[in-house]
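J.: One structure coming up, written as structure tokens, with questions to follow.
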Amino acid sequence: MHLRHTNSLALSHFQQATLSYGQACYVEAIQHYLAGLKLGAAQHHYIYADLAKAYEMVGEWDTALECLDIALRLCPDSPTALRRKARILDEKACYDGLVCLEDLHKPPPQGFLERLQLDTTTPAKYVVDSEFFNLTCHSRMTPQTVWNICRLIHRTYTELGEILGYYPISPVPISITNTNGTTASQRSLPKWASGCYDGSIRLLYCAAGEPVLGILYALLRHEWVHLLVYHLTNGHCPVWLDEGLARSIARPMFQSERLDLQQAVQTKRLLPFAALNEPFSQLPPKYRRLAYIQSAAIVEYLAQQFDFSEIRKLLHQVGNGVPTEIAIEQAFGLTLQEIPLVSTP
Numbered sequence: 001m002h003l004r005h006t007n008s009l010a011l012s013h014f015q016q017a018t019l020s021y022g023q024a025c026y027v028e029a030i031q032h033y034l035a036g037l038k039l040g041a042a043q044h045h046y047i048y049a050d051l052a053k054a055y056e057m058v059g060e061w062d063t064a065l066e067c068l069d070i071a072l073r074l075c076p077d078s079p080t081a082l083r084r085k086a087r088i089l090d091e092k093a094c095y096d097g098l099v100c101l102e103d104l105h106k107p108p109p110q111g112f113l114e115r116l117q118l119d120t121t122t123p124a125k126y127v128v129d130s131e132f133f134n135l136t137c138h139s140r141m142t143p144q145t146v147w148n149i150c151r152l153i154h155r156t157y158t159e160l161g162e163i164l165g166y167y168p169i170s171p172v173p174i175s176i177t178n179t180n181g182t183t184a185s186q187r188s189l190p191k192w193a194s195g196c197y198d199g200s201i202r203l204l205y206c207a208a209g210e211p212v213l214g215i216l217y218a219l220l221r222h223e224w225v226h227l228l229v230y231h232l233t234n235g236h237c238p239v240w241l242d243e244g245l246a247r248s249i250a251r252p253m254f255q256s257e258r259l260d261l262q263q264a265v266q267t268k269r270l271l272p273f274a275a276l277n278e279p280f281s282q283l284p285p286k287y288r289r290l291a292y293i294q295s296a297a298i299v300e301y302l303a304q305q306f307d308f309s310e311i312r313k314l315l316h317q318v319g320n321g322v323p324t325e326i327a328i329e330q331a332f333g334l335t336l337q338e339i340p341l342v343s344t345p
């Protein structure tokens, strides 16, 4: 940071904000940025641009955009602020679009409220047992939010079941936790991960209050795809196909991701299938984001070129023990080497 004229206390807040952000403690980072701004550096556009990025990570899109507007008033041609504003507008439209069909203000029925169990352990948590899932909300949230989450789980069950042709035969355990206030060492998942399927679905979010339902819904859909693919393939799905299906079905690809993909093509940094078939958690951090985006693009290409029934056929073949490359040829009439490593518009 170029803050030579900023007092030392403000500087220490900005340094701590950067550290907190790197540890995925975004609410804490926001608090430090705001504290530092009260003490000085109000003319530094990049502080507002960084604050916007922290607000972006907790899904407070409108506040992030307000911060970027301030940054752009201070420095109208800031490439960082302009790039982040375009990205946040795209993300906001995507996540808002995912839940726009739901009336999120529709109050929960009395029967639901009567069945809603409040576990008074510390911290208090809500438990919902359903025919399709067993939900535990480990963080404080309103009954309205819990009701909305349950509706989105039902929608996920129905829509993804239709897409992949499979429905879980027993209730799916789902836990939702706010990581706000927890250190990186206390997190149950790596700091870069917000969801996990390991027999149950675990979802994490970071917020000062209620979760952003559009983001939570995308995470839920992502992990639900992993659940269905695991059962369809008996746990033998190639990583690139598993992650590509999860990412492409969960939500549309962002424009910033498509730009990153195009840049990877131009700089010849595309990952081969051998790399894409390794667990993404084991990839170097600089390649992990590309692996997710590239896998989604490959699946997007297959879905556009072939009927989705062929993808379901591929999953069933793999589940029946057919080697992946043979199953791909049977489903698509292509060898693995003939599938493009990326498909960009």
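Take 1 as the starting number for the sequence shown in my numbering and just add one per residue.
We treat Cβ as the ideally placed atom computed from N, Cα and C, and that holds for glycine.
Give me the residue from 311, 341, 45, 195 with the minimum Cα distance to residue 333.
T.: On the sequence shown, residue 333 is found 333 positions in, with the first residue counted as 1. Selected option, being the one with the closest Cα: 311.
J.: So, for residue 49: in the same chain, excluding its five sequence neighbours on each side, which residues have a beta-carbon less than 7 Å away from its beta-carbon?
T.: Here residue 49 refers to the residue found at position 49 when the sequence shown is read from its first residue. Result list for residue 49: 68, 71, 78, 80, 81, 84, in chain order.
J.: Using beta-carbon positions only, say whether residue 158 and residue 224 come within less than 7 Å of one another.
T.: In the sequence shown, the residue the question calls residue 158 occupies position 158. In the sequence shown, the residue the question calls residue 224 occupies position 224. No, the Cβ-Cβ distance between residue 158 and residue 224 is not below 7 Å.
J.: Only counting the same chain, and skipping five residues up and downstream in sequence, which positions put a Cβ closer than 7 Å to that of residue 1?
T.: Sequence index remark: in the sequence shown, residue 1 carries index 1 (1-based). With a pLDDT of only 47 at residue 1, under 50, the local geometry of the prediction cannot be trusted, and the value read off the model is given with reservation. 14, listed in sequence order.
J.: Assuming residue 108 and residue 147 are in contact, meaning their beta carbons sit under 8 Å apart, how far apart are those beta carbons, in whole angstroms?
T.: Taking the sequence shown and counting its residues from 1, one reaches residue 108 at position 108. Taking the sequence shown and counting its residues from 1, one reaches residue 147 at position 147. That belief holds up - the Cβ atoms of residue 108 and residue 147 are roughly 4 Å apart, short of 8 Å.
J.: Residue 286 by DSSP, collapsed to three states: which one?
T.: Position 286 of the sequence shown, counting from 1, holds the residue named residue 286. In the structure shown, residue 286 sits in a helix (DSSP, three-state: H, G or I).
J.: Look at the Cβ atom of residue 137, then the Cβ atom of residue 174, and state whether they are nearer than 7 Å.
T.: Start at 1 with the first residue of the sequence shown, and residue 137 comes out as number 137. Start at 1 with the first residue of the sequence shown, and residue 174 comes out as number 174. No.
J.: According to DSSP, what are the bridge partners of residue 106?
T.: The count along the sequence shown starts at 1 and reaches residue 106 at position 106. DSSP output for residue 106 lists no bridge partner at all.
J.: Taking only runs of the alpha helix (DSSP H) that begin and end inside the segment 62-141, which ones reach a length of at least 4 residues, in chain order?
T.: 79-98, 110-115, all fully within the segment 62-141.
J.: With the cut-off set at 7 Å, would you say residue 297 and residue 261 are in Cβ contact?
T.: On the sequence shown, position 297 is the one that residue 297 refers to. On the sequence shown, position 261 is the one that residue 261 refers to. Going by C-beta atoms, residue 297 is nearer than 7 Å to residue 261.
J.: Say whether the segment 90-101 touches the segment 109-117, bearing in mind that this needs 3 or more beta-carbon pairs closer than 8 Å, one atom from each stretch.
T.: No, they do not touch.
J.: Along the chain, where does the alpha helix (DSSP H) containing residue 221 start, and where does it finish?
T.: Indexing the sequence shown from 1 puts residue 221 at position 221. First-last of the alpha helix (DSSP H) with residue 221: 213-233.
J.: Expressed to the nearest angstrom, what Euclidean distance is found between the alpha-carbon atoms of residue 86 and residue 36?
T.: Within the sequence shown, the letter at position 86 stands for residue 86. Within the sequence shown, the letter at position 36 stands for residue 36. For residue 86 and residue 36, the distance between alpha carbons rounds to 26 Å.
J.: Given residue 218, which residues of its chain have a CB within under 7 Å of its CB, disregarding the five upstream and five downstream residues?
T.: The residue labelled residue 218 in the question sits at position 218 within the sequence shown. The residues are 95, 98, 250, 251.
J.: Rounding to the nearest angstrom, what Cα-Cα distance links residue 170 and residue 315 in this structure?
T.: Counting from 1 along the sequence shown, the entry for residue 170 is found at position 170. Counting from 1 along the sequence shown, the entry for residue 315 is found at position 315. Answer to the nearest angstrom: the Cα atoms are 21 Å apart.
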